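Residue numbers (full-length UniProt numbering): 1 to 395.
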């Protein structure tokens, strides 16, 4: 066994030295190799190291957040990645030098910076993307806010007899922030967190696999007259999806509408194309665009428990014409032993913030049928490992 492990080590070291640049690696190949590496780590890792990873994993997000607050990343961005001594960095950041050294020690140990000589730091690629206003930097802020909720999960379940949460107004989030507001209501009262949330959600769209209109036969299915509304994008944020749709099908007849809550629509910075109308709308209110050819929602409903999902879908159903189509583009988690760790983690995240869940295909179908829809077909990007699906439904 010792010889075979030695050979394996040599093989891995050799492979590491000959890896192509990261931006030249295909995503499918990357994820397959990472999966094998994870299996190898699981096979080799003694229980004590596994326990250490579980117990100490939260310090990463906290250390990066503290470094953001001190101005560490902004200092290196401003210096265009030039290495700095501890004294130089201390002169550009908040706080005292003793704390700065301890934070930098942690960030170096976790490959965010490199200590080239004693008390001299060189930013590694990850460090240069955590500056103020960057999406990765906003992700740290967003999930640091959520970390306060995660820390309250045990207390919440002790208090509630370990019952699965199903009330949008009574999740671990409400306990952590001492509120009866839903998460989205709370965001409206906390504009800094709202801005960070918008930034993170916009960026996350690129990790949902192919755009829905690249796996769905749009010209065949979505024919309508120029005077009719072709597509209503409900909960469409600041319009990224519907803008991409129009670019893909510039000649397709029909009007386009993006809907979201007023404070989101008001945050649209760039003028929308003339063919797209932005309308403030709460999906639990009557749908103002009746008889549209299609109604579309992307990763909106997974933020809600079943009761609210059915209520939102009922507002769409009562607005639909006989030939209208409902398109639900959502995360779907697989059943069985091969649950991806990220999917299982996001399921807990949905639970702690919204009393919701990441649903399987079967659960989505059952929910759509409960809302009196017929699921005609489920469209998937077969090349994607993001576990999303497009559900096509009609009355």
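We treat Cβ as the ideally placed atom computed from N, Cα and C, and that holds for glycine. The structure displayed is predicted, hence computed values, not measured ones.
Residue pairing by DSSP places residue 378 opposite 391 in a beta bridge. Here residue 297 is bridged, per DSSP, to 328. Excluding residues up to 5 positions away in sequence, nothing lies with its Cβ nearer than 8 angstroms to the Cβ of residue 118 in the same chain. Excluding sequence positions up to five before and after residue 166, its CB lies within less than 7 angstroms of the CB of 305 and 355, all in the same chain and listed in chain order.
Contact between the segment 142-149 and the segment 59-66 is present: three or more C-beta pairs spanning the two stretches fall below 8 angstroms. When C-alpha distances from residue 201 are compared across 101, 32, 238 and 344, the shortest belongs to 238. Judged by DSSP in its simplified three-state form, residue 233 adopts strand. The alpha carbon of residue 300 has as its nearest neighbour, out of 272, 36, 359 and 336, the alpha carbon of 359. Beta-bridge pairing by DSSP links residue 256 to 231 and 276. Within 10 angstroms of the beta-carbon of residue 80 lie fewer than 16 other beta-carbons, which makes it exposed. With a minimum length of 4 residues, the unbroken runs of alpha helix (DSSP H) contained wholly in the segment 65-120 fall at 72-78, 86-92 and 97-109. Ranked by Cα distance from residue 171, the first of 352, 155 and 393 is 352. When DSSP assignments are scanned along the segment 114-186, the uninterrupted stretches of beta strand (DSSP E) that are 3 or more residues long and fall wholly within it turn out to be 120-123. In the DSSP assignment, residue 245 falls within the alpha helix (DSSP H) that extends over 240-248.
For residue 357, there is no enclosing alpha helix (DSSP H), as DSSP gives it neither H nor E. Bounds of any alpha helix (DSSP H) do not take in residue 211, whose DSSP letter is neither H nor E.
Counting along the chain, residue 35 sits inside the alpha helix (DSSP H) bounded by residues 27-44. With the rule of 3 Cβ pairs closer than 8 angstroms, the segment 252-261 counts as touching the segment 272-288.
Going by C-alpha positions, residue 335 is about 24 angstroms away from residue 54. Separation of residue 366 and residue 374 (C-alpha to C-alpha, rounded to the nearest whole angstrom) is 10 angstroms. Taken atom to atom, the span from the alpha-carbon of residue 197 to that of residue 332 is near 22 angstroms. Counting along the chain, no alpha helix (DSSP H) covers residue 303, and no H or E run does either. Linking residue 316 to residue 322 through their CA atoms gives a straight-line distance of about 12 angstroms. For residue 52, the enclosing alpha helix (DSSP H) begins and ends at 47-56. Residue environment analysis places residue 46 among the exposed positions, since fewer than 16 neighbouring C-beta atoms fall within 10 angstroms of its C-beta. The distance from the Cβ of residue 296 to that of residue 327 is about 4 angstroms, consistent with a contact at the 8 angstroms cut-off.
Using a Cβ distance threshold of 7 angstroms, residue 242 and residue 283 do not count as a contacting pair. In this chain, the alpha helix (DSSP H) harbouring residue 219 covers 218-221.
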